[in-house]
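Residue numbers (the numbering used here): 764 to 941. Ideal placement from N, C-alpha and C gives every residue a C-beta, glycine not left out. None of the values given here were measured: they were computed from a predicted structure. To start, the structure under review is shown below, and the notes come after it.
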Amino acid sequence: MSGYRKLSRTSSQRKALIRNQVTNLLYNGKIVTTEAKAKEIRKVAEGLIALAVKEKDNFEEVTVKAKVARKDKDGKRVKEVVDGKKVDIFDEVDKTIKKDAPSRLHARRKMLSVLYPVKEVPQKAAGKKKNTVDVDLVGKLFDEIAPKYTQRNGGYTRIVKIGLRKGDAAMEVLLELV
764 MSGYRKLSRT
774 SSQRKALIRN
784 QVTNLLYNGK
794 IVTTEAKAKE
804 IRKVAEGLIA
814 LAVKEKDNFE
824 EVTVKAKVAR
834 KDKDGKRVKE
844 VVDGKKVDIF
854 DEVDKTIKKD
864 APSRLHARRK
874 MLSVLYPVKE
884 VPQKAAGKKK
894 NTVDVDLVGK
904 LFDEIAPKYT
914 QRNGGYTRIV
924 KIGLRKGDAA
934 MEVLLELV
């Protein structure tokens, strides 16, 4: 007997399905799926959240100097003529960044190996490809989800039975973050 459910799929299809469902669960906070899928998704999601809780404070703040292009009131780069060529003008700015400890970096990479990239389309710019924004789901795990569960030892998700699906009478459940 195997330690996981095969879900009537090949290994690559099963892995893709679980990755997609876990990504949607962490992005939206809840999903509706079948009971068997929910139990498999729960294993992966709780492992990622536990990893985020363990490593959430494992970083240091570092101040670095960065070159940033000077911009005018319209948000366009200011250019200057040097030797007959137009060149952008840059200013040096001090920026504070989070520098991950090696164990947090490893945790971040493990999470990225499971989660799919998510693009968000703002409501006012719907239908325009250039206005899409990449969502940092790993950052959301560390900054928003992990602090909620610091006092909890596991059990980060809840499965609520909804009822039978009309088409094939499969038990549908709501899988949500507690």
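Exercise for the section: Can you check DSSP and say which residues form a bridge with Gly926? Expected result: Gly926 is bridged by DSSP to Glu935.
Exercise for the section: Return the chain-ordered ranges of every beta strand (DSSP E) run that is complete within the segment 841–929 and spans a minimum of 3 residues. Expected result: Listed in chain order, they are 842–845, 848–851, 853–863, 881–883, 896–898, 920–927.
Practice task
Under the assumption that Arg921 contacts Glu935 (Cβ atoms under 8 Å), give the Cβ distance between them as a whole number of angstroms.
Solution key: Contact doesn't hold; Cβ gap of about 15 Å is too wide.
Exercise for the section: Using 7 Å as the cut-off, classify the Cβ of Lys924 as near or not near the heavy atoms of the ligand ADP, replying yes or no. Expected result: The ligand ADP is not part of the structure shown, which contains no ligands of any sort.
Exercise for the section: Measure the alpha-carbon distance for Leu789 versus Asp857 and round it to whole angstroms. Expected result: Approximately 33 Å, taken between the alpha carbons.
Exercise for the section: Apply the 10 Å Cβ neighbour rule to Leu811 and answer buried if 16 or more other Cβ atoms are within range, or exposed otherwise. Expected result: Buried, since its Cβ has 16 or more Cβ neighbours within 10 Å.
Practice task
My understanding is that Asp863 touches Ala832, with C-beta atoms under 8 Å, so please give their C-beta distance in whole angstroms.
Solution key: Not quite, the Cβ-Cβ distance comes to about 27 Å (not below 8 Å), so this is no contact.
Handout entry: CB-CB length for Arg994 against Ala799, believed under 8 Å
Key = The chain is shown only over 764 to 941; residue 994 falls outside these bounds and no answer can be derived.
Practice task
To the nearest angstrom, report how far apart Val901 and Lys929 are at their CA atoms.
Solution key: Spanning the alpha carbons of Val901 and Lys929 requires a straight line of approximately 36 Å.
Exercise for the section: Quick one: grab the DSSP three-state call for Thr786. Expected result: Assignment of Thr786 by DSSP, reduced to helix, strand and coil, places it in the helix class.
Exercise for the section: Rounded to whole angstroms, what's the CA-CA distance from Ser866 to Glu803? Just pull it up for me. Expected result: Whole-angstrom Cα-Cα distance: 26 Å.
Handout entry: Member of Ser774, Thr786, Gly917, Gly838 whose CA lies at the smallest distance from the CA of Lys903
Key = Comparing Cα positions, the closest option is Thr786.
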